[in-house]
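Residue numbers (the numbering used here): 2 to 239.
Even for Gly, the Cβ is constructed at its ideal location relative to N, Cα and C.
The structure displayed is predicted, hence computed values, not measured ones.
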Amino acid sequence: MPLPGTSVPGPVPALQAVFWDLDGTIVDTEPYWIEAEKELVREHGGTWTDEDAEELVGQALTYTARRLQQAGVDLPAEGVITALTDRIARRVRQEVPWRPGARELLEELSAKGVPCAMVTMSTGPLARLVAEQLPAGTFRLLVTGEMVKHGKPHPEPYLLAFNELAATVPGLSKARCAALEDSYPGYTSAHAAGLPTVSIPHFVPLPPDPQRLEWKTLAGRSVQDLENIVSAQAGARP
Numbered sequence: 002m003p004l005p006g007t008s009v010p011g012p013v014p015a016l017q018a019v020f021w022d023l024d025g026t027i028v029d030t031e032p033y034w035i036e037a038e039k040e041l042v043r044e045h046g047g048t049w050t051d052e053d054a055e056e057l058v059g060q061a062l063t064y065t066a067r068r069l070q071q072a073g074v075d076l077p078a079e080g081v082i083t084a085l086t087d088r089i090a091r092r093v094r095q096e097v098p099w100r101p102g103a104r105e106l107l108e109e110l111s112a113k114g115v116p117c118a119m120v121t122m123s124t125g126p127l128a129r130l131v132a133e134q135l136p137a138g139t140f141r142l143l144v145t146g147e148m149v150k151h152g153k154p155h156p157e158p159y160l161l162a163f164n165e166l167a168a169t170v171p172g173l174s175k176a177r178c179a180a181l182e183d184s185y186p187g188y189t190s191a192h193a194a195g196l197p198t199v200s201i202p203h204f205v206p207l208p209p210d211p212q213r214l215e216w217k218t219l220a221g222r223s224v225q226d227l228e229n230i231v232s233a234q235a236g237a238r239p
């Protein structure tokens with residue numbers, strides 16, 4: 002989903018592009034999702050626990066819909082998704098809960114001409130709602146849940162985003178990109194797509210993995226930090 006007004010200067014030498022998750026990485030909307038899930042299940046006479054909700058963090062909305070149907074929500078899958086996203090959108094319109102450091106890093110990337118893509122399992126309207134709160138051109142394109150057959154943790158969302166961005170960034174190389182993700186399904190998706198991936202766990206801890214690059218927060222992080230990752234990955238290649 003290319004966005005209008007996204008012409009940018011040529012990228013910096015080391016880092017060609019950055020791929021961003023939305024919920025939990027750019028905005029702290031996971032509590033909104035959990036509250037919406039609990040409300041919807043309760044309205045249909047069921048029970049939904051924090052543990053149930055944590056299982057869905059980072060998953061495709063089609064999977065979320067199936068789980069809520071199993072919990073008693075008597076709506077078709079599209080109805081479940083619409084009911085949830087409408088509630089989230091209402092909350093976001095009232096206040097955008099930015100994650101620490103996300104806007105600052107996006108601003109620096111934009112200032113240095115590094116294209117960014119949003120890769121989210123949220124719907125297009127919700128992704129655009131957040132993107133519109135940022136300066137025009139912050140994101141070169143959006144890939145949203147309804148655009149893919151297989152959601153995260155499958156690599157399709159990131160592969161689609163990379164291929165679409167490659168059509169506008171000559172010589173785009175996965176090795177010179179970075180992906181930022183907070184959830185394990187998201188990390189798995191980006192990593193399987195062949196992108197150097199940084200995990201920034203937030204709502205749900207990720208399983209231990211000494212091979213995974215992890216930051217505690219984006220606060221204080223810079224384009225130079227991402228360039229260092231790309232350079233280190235390149236240096237590690239045989």
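For Val120, which beta-bridge partners are listed by DSSP?
-> Locating residue 120 in the sequence shown gives position 119, where the first residue counts as 1. According to DSSP, Val120 bridges with Val144.
State the beta-bridge partners of Thr169 as determined by DSSP.
-> Within the sequence shown, the letter at position 168 stands for residue 169. Thr169 is not bridged to any residue.
Just the C-alpha distance for Ser223 and Arg104, rounded to the nearest angstrom, thanks.
-> Start at 1 with the first residue of the sequence shown, and residue 223 comes out as number 222. Start at 1 with the first residue of the sequence shown, and residue 104 comes out as number 103. Computed Cα separation, rounded: 11 Å.
Do Val58 and Ser184 come within 7 Å of each other at the CB atom, strictly closer than that value?
-> On the sequence shown, position 183 is the one that residue 184 refers to. On the sequence shown, position 57 is the one that residue 58 refers to. Note that the C-beta distance between Ser184 and Val58 is below 7 Å.
Using DSSP with H/G/I as helix, E/B as strand and the rest coil, what is Ala54?
-> Numbered from 1 along the sequence shown, position 53 holds the residue referred to as residue 54. Reduced to three states, the DSSP call for Ala54 is helix.
Coarse secondary structure for Ser223, derived from DSSP in three states | Counted from its first residue, the sequence shown places residue 223 at position 222. Coil, per DSSP.
Answer yes or no: do Pro211 and Ser190 have a C-beta to C-beta separation smaller than 7 Å?
-> Along the sequence shown, read from residue 1 onward, the residue named residue 211 stands at position 210. Along the sequence shown, read from residue 1 onward, the residue named residue 190 stands at position 189. Against a cut-off of 7 Å, the Cβ pair of Ser190 and Pro211 comes out as no contact.
Would you give the residue range spanned by the alpha helix (DSSP H) that Glu133 belongs to?
-> Here the question's residue 133 lines up with position 132 in the sequence shown. For Glu133, there is no enclosing alpha helix (DSSP H), as DSSP marks it with neither H nor E.
Would you identify the three-state DSSP class for Asp87, choosing helix, strand or coil?
-> For the purposes of this step, residue 87 is taken as the residue at position 86 of the sequence shown. Three-state result, Asp87: helix.
Under the rule that 16 or more other beta-carbon atoms within 10 Å means buried, what is Ala18, buried or exposed?
-> Your numbering for residue 18 matches position 17 in the sequence shown. Burial state of Ala18 is buried, judged by a 10 Å Cβ sphere holding 16 or more other Cβ atoms.
So the alpha helix (DSSP H) Leu76 belongs to, where does it begin and stop?
-> Locating residue 76 in the sequence shown gives position 75, where the first residue counts as 1. Element bounds for Leu76: n/a, residue is neither H nor E.
Note the first and the last residue of the continuous alpha helix (DSSP H) segment covering Ala103.
-> Against the sequence shown, residue 103 aligns to sequence position 102. Ala103: member of the alpha helix (DSSP H) spanning Ala103 to Ala112, first to last residue.
Would you please state the rounded distance, in angstroms, between the beta carbons of Thr121 and Asp29? I believe it to be under 8 Å.
-> Residue numbering aside, residue 121 sits at position 120 when the sequence shown is read from its first letter. Residue numbering aside, residue 29 sits at position 28 when the sequence shown is read from its first letter. In this structure, Thr121 and Asp29 do not form a Cβ contact; the two beta carbons are roughly 14 Å apart against a cut-off of 8 Å.
Have a look at the DSSP bridge pairing and note the partners of Ala176.
-> Walking along the sequence shown from the start, residue 176 turns up at place 175. Note: Ala176 sits in no beta bridge, so no partner.
Leaving aside the five residues before and after Leu110 along the sequence, list all residues of the same chain whose C-beta is less than 7 Å from its C-beta, in chain order.
-> The sequence position of residue 110 within the sequence shown is 109, counting from 1. Answer for Leu110: Val19, Cys117 and Val224, listed in chain order.
Are Val42 and Ala61 closer than 7 Å when you measure CB to CB?
-> One-based indexing of the sequence shown puts residue 42 at position 41. One-based indexing of the sequence shown puts residue 61 at position 60. No.
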